[in-house]
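The sequence shown runs 17 to 484 under the numbering used here. Cβ coordinates follow ideal geometry from the N, Cα and C atoms, glycine included. Only a predicted model underlies this, so the values are computations on that prediction, with no experimental measurement involved. The next block holds one structure in the form of structure tokens; read it before the comments.
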Amino acid sequence: MLRIYNTQTRQKEDFVPLHEGEIRMYVCGPTVYDFFHIGNARSFINADFIRRYLEFKKFKVTYIMNLTDIDDKIIRRANAEGVTAAKIADTFSKEFFADITKLKVKKATQYPRATSHIHEIIDFIGRLIERGIAYVTEDGVYYNIAKFPEYGKLSGKRIEDLQEGARVEVNEAKKNPLDFALWKMAKPGEPFWESPWGAGRPGWHIECSAMSCKHLGETFDIHAGGSDLIFPHHENEIAQSEAATGKQFVRYWMHFGFLNIDNEKMSKSLGNFKTARDIFGKYPAEVIRFVFAQTHYAAPLDFSENAIESSVTGLQRLQNCADRVAEFATAEPGTFVPSLDFKKYYASFEEAMDDDFNTPKGLAVLFDFVSEVNVALSNSEKPTKQFINNVQKFLKKTADGVFGILKTRKKQSGNPELEDKLINLLITLRTEMKLKKEYQIADLIRNELNGMGIQLQDTKEKTTYKKN
Ligand code: AMP
Ligand code: ZN
């Protein structure tokens, strides 16, 4: 039985979906004002492991991830660059899709955008006003938290403590300093949409309440996001949705631990900020995913190049086994039947993953499996086709299907000499570009080669390459 740690009840619970065999899941997606960073990547990949495992368990998963495509950060960047907010959002939505595809994150069922749901958002705010939960001021529509006695139930925060800690409020029109904006009236020069309360744009929290309700219904199974979102974002989503519908909003709340760099919080000011792209240039998606899977989703993860380097060998063991088995699959089969208990491995894998998606334990099962397979393959007799098929099936379902950490074997290139010449030509071009400070082109060459499984290694004297 699958058990999930529910942030709201602070305990592991048996997982029972609202509709048998189906799971509706919502994950807070990116604000598209820049390339996403490696911390965001961890959250997207953790959510992907969870979704893939639910599919492994044969659930039909409806997976929704929103894109926040209107917000202060987007407007600020648009103004700085002299373009529209829509242009910034469009550019970085495309970059987001390019990056998650490279990271082998499975596509969501849908990626709703805030600006395509203004109508639904306005309706939702209208419901809250009708119920006396929200009020209109000169600069916006606010949620009156005093009207929702359960406010604080997700984060475990008490309203009184929050109020004491709240900054001296500049906005006197608000009834309570903790009241938050559902609709922000447009300031000069800001993009806006018409509404019954005046031209403006939606607040961030309301977008997730309105879009999850539209795509998943008033009550759904799983809502996930990074642990920074517990308060206030998810607390506010609960307040909005439950006050509007009178029903339970989410059955299981899941939160991902943060990623730190060399034991420090990642931030632009500390100079340790890494976009996902910085990492692709150096390591393939499988390595990044493997590094993330080695830590449970809820725990903090310390990301360092040393940690990645030491993971590469572990992953290589799995890959080597898969490659060896693939070779056996194309060779003449034998008659040897190794005594490997596949059922036991499936059961141990499920047991590990059923325990709140314990990916490190799931990987440990894979390693035990691979050790036993290696012993079987070293036997002087060749194994049967059936055995090889079963090994491939197990790896395909687990290492590939749930974790996305195996590469499919590439066929040998037809002309290795020409390939070598072409790669070296690209290396020369890249060196020239770096000399001319055309770093974007230089990085493009390195990243594209990396995507083809060719890793460049720079030393002071020269650049060499290695094939994965
Ligand atoms: P944002 O674009 O900042 O709204 O973040 C998108 C997702 O990434 C959210 O689920 C965040 O909680 C998550 N996130 C942001 N920073 C980190 C981090 N350092 N580690 C893990 N997840 C993060
Ligand atoms: Zn959200």
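A distance below 7 Å between beta-carbons, with the five flanking residues on each side excluded, links Ser109 to the following residues of its chain, in chain order: Val48, Leu83 and Asp85. Ser132 counts as exposed, since fewer than 16 other beta carbons sit within 10 angstroms of its beta carbon. Shown here, Asn62 sits in a helix according to DSSP, grouped into three states. In the displayed model, Gly156 falls within a strand according to three-state DSSP.
Between Ile421 and Ile470 a beta carbon distance of about 19 Å is seen, past the 8 Å cut, so the two are scored as non-contacting.
Between the alpha carbons of Asn390 and Gly350 lies a distance of about 16 Å. Excluding five sequence positions before and after Glu258, the CB atoms of its chain that fall closer than 6 Å to its own CB belong to Phe265, given in chain order. In this structure, the ligand ZN has a non-hydrogen atom nearer than 7 Å to the beta-carbon of His249. Taking non-hydrogen atoms of the ligand ZN into account, the C-beta of Glu253 is found less than 7 Å away from one of them.
Each of Cys44 and Cys224 has a C-beta closer than 5 Å to some heavy atom of the ligand ZN; these make up the full list, in chain order. In the structure shown, the three-state DSSP call for Phe274 is coil. Close CB contacts of Phe410 within its chain, under the 8 Å cut and outside five residues either way in sequence, are with Phe358, Tyr361, Tyr362 and Phe385 (chain order).
At the C-beta level, Leu379 and Gln310 come within 8 Å of one another. Under the DSSP assignment, Gly216 falls in the beta strand (DSSP E) whose first and last residues are Gly216 to Pro218.
By the C-beta criterion, the stretch 37-53 is judged to be in contact with the stretch 96-109, since at least 3 inter-stretch pairs fall below 8 Å. With a contact defined as Cβ atoms closer than 8 Å, Tyr313 and Asn62 qualify at about 4 Å.
The Cβ atoms of Tyr69 and Met270 do not sit closer than 8 Å to each other.
For Gly55, the Cβ falls inside the 7 Å cut-off from some heavy atom of the ligand AMP.
For Phe308, the secondary structure class from DSSP, reduced to helix, strand or coil, is helix. In the same chain as Arg340, and ignoring 5 residues on each side of it, the C-beta atoms closer than 7 Å to its own belong to Leu393, in chain order. In the three-state reduction of the DSSP assignment, Ile238 falls in the strand class. When rounded, the separation of the alpha-carbon atoms in Arg305 and Ala189 is 48 Å. Rounded to whole angstroms, the gap between the alpha carbons of Phe344 and Ile404 is 7 Å. Here Glu302 is buried: its Cβ has 16 or more other Cβ atoms, across all protein chains shown, within 10 Å. A heavy atom of the ligand AMP is found nearer than 7 Å to the CB of Ser59. Assigned with DSSP and collapsed to three states, Ile86 falls in coil, not helix or strand. Exclusion of Thr131 from the 7 Å shell around the ligand AMP follows from its C-beta lying no nearer than that to any non-hydrogen atom of the ligand.
The ligand AMP has a heavy atom closer than 7 Å to the beta-carbon of Gly242.
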